[in-house]
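Residue numbers (the numbering used here): 38 to 439.
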């Protein structure tokens with residue numbers, strides 16, 4: 038049975054209720070949820086997903102509905118970060134025994150970490166739909182160009198690139214031995230500077246009221262304020278950039294795989310879902326801005342992706358449209374320890390054992406992504422059985438990290 042905790046059930050002491058879909062919440066994350074609940078802009082309640090953990094200002098794994106206002110730090114700096122997945126017309130038996138050549142081919146086709154595509158001109162077609170919006174943003178907010186070196190060239194060259202951290206590209210098989218390609222990335226450098234720029238603007242705009250906030254990272258823009266419309270325009274562009282970035286990487290990945298496999302096609306429409314974003318939705322009788330910080334939309338019948346960690350399982354799910362979660366579910370397993378803690382606690386031998394059978398990096402550079410640094414994905418899924426149903430269960434065969 039799923040676990041459910043409710044704080045401030047009646048909205049006591051000026052705080053909105055908090056509905057939490059797990060019994061395991063670290064002290065600092067609980068404090069952040071309580072701080073969020075004290076904001077006067079919260080509509081109805083806050084929902085915390087089973088993978089909830091501490092973030093900057095707002096907890097990762099939270100769904101935050103706000104009336105006529107948006108909290109930039111809740112949206113975060115990896116604006117539009119999310120997942121893409123597609124099933125192929127291949128069975129696991131058609132994959133070669135040695136998967137290292139496929140992994141190397143994907144790594145050559147999709148720049149990872151801090152790398153980018155070498156040519157701006159080669160990105161022109163993919164960037165065409167985004168160019169006018171980028172020009173407008175950089176013209177209206179010249180500081181963005183100072184924050185991101187060679188901004189006009191960089192956002193173009195980074196389209197179709199993975200980045201680092203917990204971003205990944207994976208080749209997986211499901212319970213029917215069908216092959217899937219799944220990837221995780223966001224809006225890269227341009228999204229990062231947009232996020233940081235407007236977080237600082239929100240702090241300055243609220244400078245006279247910042248002392249009244251439970252956390253300065255919860256500064257927000259209200260509709261009608263000087264920067265609200267500008268932020269909404271910028272964040273919508275960054276979310277679209279993130280979506281196109283994942284589409285472009287998926288195409289590059291599939292083309293890189295072709296020489297090593299029998300002819301194949303995709304057998305279902307790609308699932309492309311954000312898990313760090315804001316959009317206007319209707320909940321509990323009102324049109325509000327819903328920020329999902331480490332959560333995905335799970336409307337009734339809607340397909341989504343919930344990845345596990347390296348070496349663990351991942352899930353394709355169908356939403357149940359639970360109103361108490363604002364039709365949302367978790368975005369993954371969720372970290373249970375920081376990157377520094379993981380690097381201090383585990384060794385390369387631990388990483389090799391925990392990723393046995395997966396073609397992936399097994400060096401100290403990805404030690405902070407070891408499966409034991411994350412919560413148990415099976416426990417996370419059990420706690421959200423009221424939010425989603427599992428459609429496909431995926432096991433990683435290849436995992437590419439930045």
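For every residue, glycine included, the Cβ atom is placed at its ideal position computed from N, Cα and C.
- CA-to-CA, the gap between residue 302 and residue 44 works out to about 49 Å.
- As computed with DSSP, residue 340 is found in a beta bridge with 355.
- Annotation for residue 87: the continuous beta strand (DSSP E) segment containing it runs 83–90.
- In the structure shown, the three-state DSSP call for residue 184 is helix.
- A distance of 9 Å or more separates the beta carbons of residue 353 and residue 418.
- In the three-state reduction of the DSSP assignment, residue 126 falls in the strand class.
- Here the C-alpha atom of residue 127 lies approximately 6 Å from the C-alpha atom of residue 215.
- Here residue 153 carries a coil assignment [DSSP, helix/strand/coil].
- DSSP lists 334 as the bridge partner or partners of residue 365.
- Closest by C-alpha distance to residue 331, out of 42, 115 and 53, is 115.
- In this structure the segment 72–87 lies against the segment 306–322, because at least three pairs of beta carbons, one per stretch, are closer than 8 Å.
- In this chain, the alpha helix (DSSP H) harbouring residue 67 covers 64–74.
- Between the C-alpha atoms of residue 299 and residue 198 there is a straight-line separation of about 26 Å.
- Looking at 210, 103, 325 and 176, the one whose alpha-carbon comes closest to that of residue 130 is 210.
- Rounded to the nearest whole angstrom, the CA to CA distance from residue 270 to residue 386 is 47 Å.
- Assignment of beta strand (DSSP E) within the segment 367–418, counting only whole runs of 3 or more residues, yields no such run.
- Fewer than three beta-carbon pairs drawn from the segment 154–164 and the segment 105–120 are found closer than 8 Å, and the two stretches are therefore not classed as touching.
- Of the candidates 376, 206, 413 and 184, the residue whose Cα lies closest to the Cα of residue 289 is 206.
- C-alpha of residue 186 to C-alpha of residue 227: approximately 10 Å in a straight line.
- The DSSP-derived three-state label of residue 161 is helix.
- Annotation for residue 112: 232, 272, 313, 314, 315, 328 and 330 place their beta carbon closer than 8 Å to its own, counting only its chain and skipping 5 residues before and after.
- By the criterion of a C-beta distance shorter than 8 Å, residue 243 is surrounded in its chain by 250, 256 and 257, once the five residues flanking it on both sides are discounted.
- Contact between residue 66 and residue 89 is confirmed by a C-beta separation of about 6 Å, below the 8 Å threshold.
- Membership of residue 281 in the alpha helix (DSSP H) is indicated by the continuous run 265–294.
- Looking at 193, 373 and 296, the one whose alpha-carbon comes closest to that of residue 408 is 373.
- The segment 262–269 and the segment 235–242 touch, with no fewer than 3 CB-CB distances between them shorter than 8 Å.
- Only buried fits residue 254, as 16 or more other CB atoms lie within 10 angstroms of its CB.
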